[in-house]
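Q:
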């Protein structure tokens, strides 16, 4: 009988925070197993909610302030001071995230990371020795150019004029004047928690992979890609960068913010190595009879640094079964290593706007349906011809089962 559950989801972009997703899943579990022991482990990947989650887990606090948002207008935002008092966390999504870009203004050629640089500068004002920048859920594709401008760099065109904000301007970049960069950066450890699979340039470059999700047309994708290649070239030349800014792991994080900060001396680190260790995640997964994880979309991108894949990998180190729930199921959903069963949360086709509003309800209901199917399966006789290690989709409403 299943009694101990580890609930370790990510957030559902523009719908549920990781905490809200965990609560919704727990509510579904309790409908089926009222006396269940449920360990809630809402997980962050550097995107939305990262600063608040790390502040809460370390006994730190959030510092609220206004800063420049992705479309150039002031927004209310924050950074975190961790309980150790020597580390600040800047969550780029809190000031330059896609959720801060109105649908009518979703043009990644125009949005800016200027506010990220303002938050870094505000964190420096507190006297911390280390700044952790969380990357994820970005609404930008400017290579971190705006952040560098906020920190004092001048980005100049061939006539010596400062470039306006936005990734489309990078193709005109001729020279970077670094003399005005904040001197405190040289005395502060700058760490970037990022997805190492995201690179700046090339066929798998960030503009081509994520530009369309942020509103870019095919023509804009090519424009942004060319601009980011020029950005990498000028950064290396004018800031004397020796690392690979085009194809290095994490350089494409948050629309290329990783490359921009790496040019300032930041270390780009796999996000889960930085963000999850303080949660004692492995031990908590090992105690569970069943691990439940979730994200907005389960597809070919999931194994490339998404939370469900990391949860499944760690759960399998302890031999724990894993159920994944997702807002949508795409190509490759049945191939995520370590996921034993998966289901979409939609019981029937519906408009995206409705699904976003009803996210909590849909996730709770889907958890209940899936768990009832799992418990029913536990009562059935096992047949040798059904391989135990084949991932099984437990909802028949989304796509055909992966079992043949």
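Numbering (our numbering), first residue to last: 433 to 836.
Virtual Cβ for every residue (Gly too), placed ideally from N, Cα, C.
Return the residue from the list 499, 501, 526, 495 that minimises the CA-CA distance to residue 517.
A: Ranking 499, 501, 526, 495 by Cα distance to residue 517 puts 495 first.
Q: In angstroms with no decimal places, state the Cα-to-Cα distance between residue 578 and residue 474.
A: Approximately 31 Å, taken between the alpha carbons.
Q: Looking at the strands, I want to know which residues DSSP matches up with residue 563.
A: Its beta-bridge partners are 520, 622.
Q: State the start and end residues of the unbroken alpha helix (DSSP H) segment that holds residue 609.
A: Note, residue 609: premise wrong, no alpha helix (DSSP H); beta strand (DSSP E) at 607 to 609.
Q: Do residue 799 and residue 461 have their beta-carbon atoms positioned less than 8 Å apart in this structure?
A: Against a cut-off of 8 Å, the Cβ pair of residue 799 and residue 461 comes out as a contact.
Q: For residue 768, count neighbouring Cβ atoms within 10 angstroms of its own Cβ and tell me buried if that reaches 16, exposed if not.
A: The residue in question, residue 768, is buried, as its Cβ has 16 or more Cβ neighbours within 10 Å.
Q: Please name the residue, chosen from 451, 674, 670, that lies closest to residue 486 on a Cα-to-Cα basis.
A: When only C-alpha atoms are compared, the closest one is 451.
Q: For residue 806, which of 651, 666, 721, 567 has the nearest alpha-carbon?
A: Considering only alpha carbons, the answer is 721.
Q: For residue 795, which three-state DSSP category applies?
A: Residue state, collapsed to three classes: helix.
Q: With a Cβ-Cβ cutoff of 8 Å, do residue 457 and residue 808 count as a contact?
A: No, they are not a contact pair.
Q: Rounded to whole angstroms, what is the Cα-Cα separation between residue 585 and residue 559?
A: The alpha-carbon atoms of residue 585 and residue 559 are separated by roughly 21 Å.
Q: Starting from residue 727, trace the beta strand (DSSP E) in both directions and tell me its first and last residue.
A: First-last of the beta strand (DSSP E) with residue 727: 722 to 730.
Q: For residue 638 and residue 708, what's the separation of their Cα atoms in angstroms?
A: For residue 638 and residue 708, the distance between alpha carbons rounds to 24 Å.
Q: Using 8 Å as the threshold, is the segment 779 to 787 in touch with the segment 738 to 755, meaning 3 or more CB pairs across them?
A: Because the criterion of three Cβ pairs below 8 Å is not met, the segment 779 to 787 and the segment 738 to 755 do not touch.
Q: Return the Cβ separation of residue 566 and residue 482 in integer angstroms, given the expectation that the two are a contact with Cβ distance under 8 Å.
A: About 4 Å; that satisfies the 8 Å criterion.
Q: May I ask you to report which of helix, strand or coil DSSP gives residue 452?
A: Three-state result, residue 452: helix.
Q: What does a CB cutoff of less than 6 Å around residue 782 pick up in its chain, not counting 5 residues either side in sequence?
A: Nothing listed; no residue qualifies.
Q: Are the segment 605 to 617 and the segment 726 to 744 touching by the rule of at least three beta carbon pairs closer than 8 Å?
A: With the cut-off at 8 Å, the segment 605 to 617 and the segment 726 to 744 do not touch.
Q: Taking contact to mean at least 3 C-beta pairs separated by less than 8 Å, is the segment 499 to 509 in contact with the segment 520 to 528?
A: Enough Cβ pairs lie closer than 8 Å, so yes.
Q: Using the beta-carbon count (16 or more within 10 Å), is residue 508 buried or exposed?
A: Residue 508 should be labelled exposed.
Q: Less than 8 Å between the beta carbons of residue 643 and residue 652, yes or no?
A: Cβ distance < 8 Å, so residue 643 and residue 652 count as in contact.
Q: Can you list, in chain order, the residues of its chain with a C-beta nearer than 8 Å to that of residue 455? Leave out the 5 residues immediately preceding and following it.
A: Cβ neighbours of residue 455 beyond the five flanking positions: 472, 792.
Q: Below 8 Å, how does it come out for the segment 676 to 684 and the segment 694 to 701: are there three or more Cβ pairs, yes or no?
A: Judged by Cβ distances under 8 Å, the segment 676 to 684 makes contact with the segment 694 to 701, as three or more pairs qualify.
Q: Please report the distance separating the alpha-carbon of residue 662 from that of residue 599.
A: C-alpha separation (whole angstroms): 11 Å.
Q: Which full runs of the beta strand (DSSP E) of 3+ residues lie inside the segment 750 to 789, going along the chain?
A: Qualifying beta strand (DSSP E) stretches, in chain order: 754 to 761, 773 to 776.
Q: In this structure, how does DSSP classify residue 742 when only helix, strand and coil are distinguished?
A: Here residue 742 sits in helix by DSSP.
Q: At which residues does the beta strand (DSSP E) containing residue 631 begin and terminate?
A: Run containing residue 631: none; DSSP gives neither H nor E here.
Q: Do the CB positions of residue 795 and residue 747 come within less than 8 Å of each other?
A: No, the Cβ-Cβ distance between residue 795 and residue 747 is not below 8 Å.
Q: Assuming residue 552 is part of the beta strand (DSSP E), what are its boundary residues?
A: That residue, residue 552, is in no beta strand (DSSP E); its alpha helix (DSSP H) goes 546 to 557.
Q: Pull up the CB-CB distance for residue 576 and residue 693, whole angstroms please, since I reckon it's below 8 Å.
A: Yes, residue 576 and residue 693 are in contact; Cβ-Cβ is about 6 Å, under 8 Å.
Q: Run through DSSP, which three-state label would residue 475 get?
A: Here residue 475 sits in coil by DSSP.
Q: If I measure Cβ to Cβ from residue 581 and keep anything under 7 Å in the same chain, skipping five residues before and after, which residues do I get?
A: The residues are 546, 549, 587.
Q: Identify whether residue 694 lies in helix, strand or coil by the three-state DSSP scheme.
A: If DSSP states are grouped into helix, strand and coil, residue 694 belongs with the helices.
Q: Pull up the DSSP beta-bridge partners for residue 535, would you.
A: In the DSSP output, where bridge partners are listed per residue, residue 535 has none listed.
Q: On the three-state DSSP scale, how would you describe residue 804?
A: Note: residue 804 maps to helix in three-state DSSP.
Q: Taking C-beta to C-beta, are residue 447 and residue 480 nearer than 8 Å?
A: Not closer than 8 Å, so no.
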